[in-house]
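Sequential numbering of the sequence shown, starting at 865, is according to the working numbering.
We put the CB at the ideal spot given by N, CA and C, even for glycine.
Working notes, structure below.
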Amino acid sequence: MSETVDYVVVGAGSAGCVLANRLSENGKYSVCLLEAGPADKNIWIHIPIGYGKTMFNPKLNWGFHTDPDPHMLNRKIYWPRGKTLGGCSSINGLIYVRGQKQDYDRWGELGNKGWSWEECLPYFRKLENNDLGPGPTRGTEGPLHATSIKTRHELVEAFIESAVNNGVPRVTDLNTGDQEGAGYYQLTTHHGKRCSTAVAYLNPARSRANLRIETEAQATRIVMQGNRAVGVEYKQGGKLKTLRAAREVVLSAGALQSPQLLQLSGIGPAALLRQFGIAVVKDMQGVGENLQDHLQHRLIYEVSKPITNNDQLRTVWGKAKMGMQWLFLRGGPLAIGINQGAIFCRALPQESATPDIQFHFGTLSADLAGGQVHDFSGCTYSVCQLRPESRGYVRIKSTDPFEAPSMQPNYLSTDLDRRTAVAGVKFARKIAQTEPMRSLMTREFRPGQDVRTDDEILHFCREFGATIFHPTGTARMGQATDPYAVVDERLRVHGIDGLRVVDASVMPTLVSGNTNVPIIMVAERASEFILSDAESIAAETLRTSPSRLAA
Ligand SMILES: Cc1cc2nc3c(=O)[nH]c(=O)nc-3n(C[C@H](O)[C@H](O)[C@H](O)COP(=O)(O)OP(=O)(O)OC[C@H]3O[C@@H](n4cnc5c(N)ncnc54)[C@H](O)[C@@H]3O)c2cc1C
């Protein structure tokens, strides 16, 4: 039996929760949000430092691996993705960053009308409740809390000071559009708890009669009627069900699974679809291509004083103290998350007019992000290139929607990316060797003093480089004349009616920073496109056949 709603949104992640709220807000339209994962009840989702606990939990995390990457010593790299209400915003590192003004201006220059920084800024302001207070670039009325880190950890202070001593200016607000500087990140937390999009957008909308939320409901394909998307087939509780969309289907399953669903539904590169016997609805070369991600290089140092989270987490008393601080005061290290210190600067100043690398500095260390902490006092300098040139792809491996697609990032496959990686690691070392940081560092644990030449540093990057979790671009926005564009500037799939993609997939180029807030901005904009298109259709119907509208 199939049921009908106005809008079916697939995926309750950063984007999907925004859409569910905004599309159901005026009460005129019925909306169903389908999420493959369970409700966001696990306590570790809501404790900011719980990141380590959700990183490898298969109930809340898809736990993907890339294909062997030929540029990374054929390693299969772990790619966590959120699988619960809130999606990745329920398991992410909480960093609140918009990127640079030039990122969005570039989207506009690529032919995407309406996406310049000036045009995106009102939506960045709309979505946030920023504790730095109102300002020309800041908002204080939005659902998503941007909270400043109030504590001043000796190590983070030293990290920022050492950056300043290397010519990077100290800044308080990293989100004005010009992010060059060193300072503290703001976090998507509120009263010491995670502020995911499920918390910020979905919870206030849950009781609306016109919003239905289905969890543990995995979409298996888009139902097509000719060139029109008319519904979604999904599996829930072992049963295959169909939900019809009277107006639109919106894919918000993220940059890995939205292209997978398109391909499974016959929208994608014809040769790939034919390989699996899928009838081609629309041959679109760009579906799954143009994959971009930030690759992080994590330098680990041993610290001369027992002031790191490693020290607190090593003893029962330390853990108990942290637990009590959070339980009774919603404070302490558990309320802050993993990374506190930020630097945006230029590793290759001759070649880049704006910051080309970003640092995440954490007062703890582990072999893997989110893994077991080391048994020494340690800290981590993670450095990543902001605008990589390397491009990969996402391609189905079979017609089974429950089989993960092939994911190939092709990290470090261009000369610029390799040179930026090496320069980034060298700059991290420079910070560690500058006072006041220098006096606090006992030894470089990784890569270690044996790694000296550029070739050795590059080898270290290939051997230990890891995702910083920002896959994007696999259904990129662009004009119909661009053979690799999948959606137009209103995020409608080219040549298909009733279908949009609204998530990380649509970014034409990766923004210079973390991706959660940019995607929320994209979803805020998309909600307006969808609602205003619905109004235009109603106005047109009223003009051409008033009796149809009245009926
Ligand atoms: C470990 C980690 C740390 C990160 N740290 C940060 C950070 O500190 N700051 C930051 O800005 N960004 C961070 N990011 C990145 C950021 O959170 C993501 O880029 C962003 O949340 C992606 O949003 P999205 O809407 O595109 O997809 P997602 O949030 O991934 O949402 C997709 C949703 O769709 C669901 N889904 C998938 N397939 C189906 C299907 N077939 N049927 C139904 N549902 C489906 C998924 O379960 C998921 O809930 C991090 C990401 C990770 C994984």
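Per DSSP, Q1249 forms a beta bridge with which residues? Walking along the sequence shown from the start, residue 1249 turns up at place 385. Note: Q1249 sits in a beta bridge opposite I1221.
Report, in whole angstroms, the separation of the C-beta atoms of R1255 and Q1156, which I expect to be a contact under 8 Å. In the sequence shown, residue 1255 corresponds to position 391, counting from 1. In the sequence shown, residue 1156 corresponds to position 292, counting from 1. Going by Cβ atoms, the distance from R1255 to Q1156 rounds to 6 Å, so yes, they are a contact pair.
Where are the beta strand (DSSP E) runs, 3 residues long or more, that stay fully inside the region 1075-1099, in chain order? 1075-1078 and 1081-1089
Distance check for G975 and R1085, CA to CA, integer angstroms please. Residue mapping note: residue 1085 aligns to position 221 of the sequence shown, counting from 1. Residue mapping note: residue 975 aligns to position 111 of the sequence shown, counting from 1. Using only the alpha carbons, I get a separation of about 30 Å.
Please report the distance separating the alpha-carbon of Q1272 from that of A1134. On the sequence shown, residue 1272 is found 408 positions in, with the first residue counted as 1. On the sequence shown, residue 1134 is found 270 positions in, with the first residue counted as 1. Their Cα atoms are separated by approximately 19 Å.
Measuring alpha carbon to alpha carbon, tell me which of P1219, H1224 and I1295 ends up nearest N1203. Here residue 1203 is taken as the residue at index 339 of the sequence shown, counted from 1. Per the Cα distances, H1224.
Measuring straight from C-alpha to C-alpha, what distance separates A1415 and L1406? Against the sequence shown, residue 1415 aligns to sequence position 551. Against the sequence shown, residue 1406 aligns to sequence position 542. Note that A1415 scores a pLDDT of 49, beneath 50, so its modelled location is shaky; the value from the coordinates is reported in the next line. Distance between the alpha carbons of A1415 and L1406: 11 Å.
In three-state DSSP terms, what is D1361? Within the sequence shown, residue 1361 is the residue found at index 497, counting from 1. D1361 falls in the strand class under three-state DSSP.
Which of the three DSSP states, helix, strand or coil, is assigned to K1057? Working through the sequence shown from its first residue, we reach residue 1057 at position 193. Residue state, collapsed to three classes: strand.
Kindly confirm or deny that the region 868-880 and the region 1358-1373 touch, where touching means at least three C-beta pairs closer than 8 Å. yes
Report the rounded CA-to-CA distance for M865 versus T1106, giving the unit in angstroms. As a working mapping, residue 865 is identified with position 1 in the sequence shown. As a working mapping, residue 1106 is identified with position 242 in the sequence shown. Note that M865 has pLDDT 45, beneath the 50 cutoff, so the model's placement of it is unreliable and the number below is only indicative. C-alpha separation (whole angstroms): 7 Å.
Ignore the nearest five residues each way along the sequence and tell me which others in G1101's own chain have a CB closer than 8 Å to its CB. Taking the first residue of the sequence shown as position 1, residue 1101 is located at position 237. Excluding positions up to five away in sequence, the list reads E1080.
Coarse secondary structure for G1205, derived from DSSP in three states: In the sequence shown, residue 1205 corresponds to position 341, counting from 1. Here G1205 sits in strand by DSSP.
Can we count K947 as close to ligand 1, meaning its CB is less than 7 Å from some heavy atom? The residue given as residue 947 occupies position 83 in the sequence shown. Yes, the beta carbon of K947 sits closer than 7 Å to at least one heavy atom of ligand 1.
According to DSSP, is M1271 part of a helix, a strand, or is it coil? The count along the sequence shown starts at 1 and reaches residue 1271 at position 407. M1271: strand per DSSP, three-state reduction.
Kindly list the residues whose CB is nearer than 7 Å to the CB of K990, restricted to its own chain and excluding five residues on each side of it in sequence; keep chain order. Numbered from 1 along the sequence shown, position 126 holds the residue referred to as residue 990. Here the set comprises G1003, G1006 and E1388.
For ligand 1, is there any heavy atom lying closer than 7 Å to the beta carbon of Q1121? Taking the first residue of the sequence shown as 1, we reach residue 1121 at position 257. Yes, ligand 1 has a heavy atom inside 7 Å of this Cβ.
Take I1164 as the anchor and find which of P1265, Y1245 and S1409 has the nearest alpha-carbon. Locating residue 1164 in the sequence shown gives position 300, counting from the first residue. Looking at the Cα atoms, Y1245 is the closest of the given residues.
At the level of alpha carbons, what is the spacing between Y871 and G891? Reading the sequence shown from its first residue, position 7 is the one you call residue 871. Reading the sequence shown from its first residue, position 27 is the one you call residue 891. Computed Cα separation, rounded: 13 Å.
Indicate, with yes or no, if ligand 1 has a heavy atom lying under 7 Å from the CB of E899. Here residue 899 is taken as the residue at index 35 of the sequence shown, counted from 1. Indeed, a heavy atom of ligand 1 lies less than 7 Å from the Cβ.
What span of residues does the beta strand (DSSP E) with C952 cover, start to end? Mapped onto the sequence shown, residue 952 falls at position 88. That residue, C952, is in no beta strand (DSSP E); it is neither H nor E in DSSP.
For T1408, count neighbouring Cβ atoms within 10 angstroms of its own Cβ and tell me buried if that reaches 16, exposed if not. Your numbering for residue 1408 matches position 544 in the sequence shown. The residue in question, T1408, is exposed, as its Cβ has fewer than 16 Cβ neighbours within 10 Å.
Per DSSP, what kind of secondary structure is H910 in: helix, strand or coil? One-based indexing of the sequence shown puts residue 910 at position 46. Here H910 sits in helix by DSSP.
According to DSSP, is E983 part of a helix, a strand, or is it coil? Against the sequence shown, residue 983 aligns to sequence position 119. In this structure, E983 counts as helix in the three-state DSSP scheme.
When you compare only the Cα positions, how much space is there between C1243 and L1019? To locate residue 1243, count along the sequence shown from 1; it is residue 379. To locate residue 1019, count along the sequence shown from 1; it is residue 155. If I take the Cα positions, the gap works out to 8 Å.
Assuming contact is defined by CB atoms lying nearer than 8 Å, are S1376 and Q964 in contact in what I supplied? Against the sequence shown, residue 1376 aligns to sequence position 512. Against the sequence shown, residue 964 aligns to sequence position 100. Result yes, Cβ atoms of S1376 and Q964 sit closer than 8 Å.
So for M1305, helix, strand or coil by DSSP? Residue numbering aside, residue 1305 sits at position 441 when the sequence shown is read from its first letter. Reduced to three states, the DSSP call for M1305 is strand.
In DSSP terms, what L1107 is bridged to: The residue given as residue 1107 occupies position 243 in the sequence shown. According to DSSP, L1107 bridges with E867 and V1096.
Bounding residues of the alpha helix (DSSP H) (the contiguous stretch that carries S888): Mapped onto the sequence shown, residue 888 falls at position 24. Counting along the chain, the alpha helix (DSSP H) containing S888 begins and ends at S878 to S888.
Return the first residue and the last residue of the beta strand (DSSP E) that R1259 is part of. Residue numbering aside, residue 1259 sits at position 395 when the sequence shown is read from its first letter. Where R1259 is concerned, the enclosing beta strand (DSSP E) stretches over Y1257 to R1259.
Given this structure, state the Cα-to-Cα distance separating T1053 from R1138, to the nearest angstrom. Here residue 1053 refers to the residue found at position 189 when the sequence shown is read from its first residue. Here residue 1138 refers to the residue found at position 274 when the sequence shown is read from its first residue. Going from the Cα of T1053 to the Cα of R1138 covers about 46 Å.
Entirely within the region 1145-1190 and at least 3 residues each: give me those beta strand (DSSP E) ranges in chain order. 1159-1167
Quick one: any contact between the region 1320-1332 and the region 1184-1191, if contact means 3 or more CB pairs under 8 Å? no
So does S1116 have its beta carbon nearer than 7 Å to some heavy atom of ligand 1? Locating residue 1116 in the sequence shown gives position 252, where the first residue counts as 1. Under cutoff, so the answer is yes.
Residues near P1347 by beta carbon distance below 8 Å, same chain, minus five either side: To locate residue 1347, count along the sequence shown from 1; it is residue 483. Counting only Cβ-Cβ distances below 8 Å, and skipping sequence neighbours, we find Q1149 and G1150.
Is the separation between the beta-carbon of M936 and that of Y1275 shorter than 8 Å? Looking up residue 936 in the sequence shown gives position 72. Looking up residue 1275 in the sequence shown gives position 411. Taking 8 Å as the Cβ cut-off, M936 and Y1275 qualify as a contacting pair.
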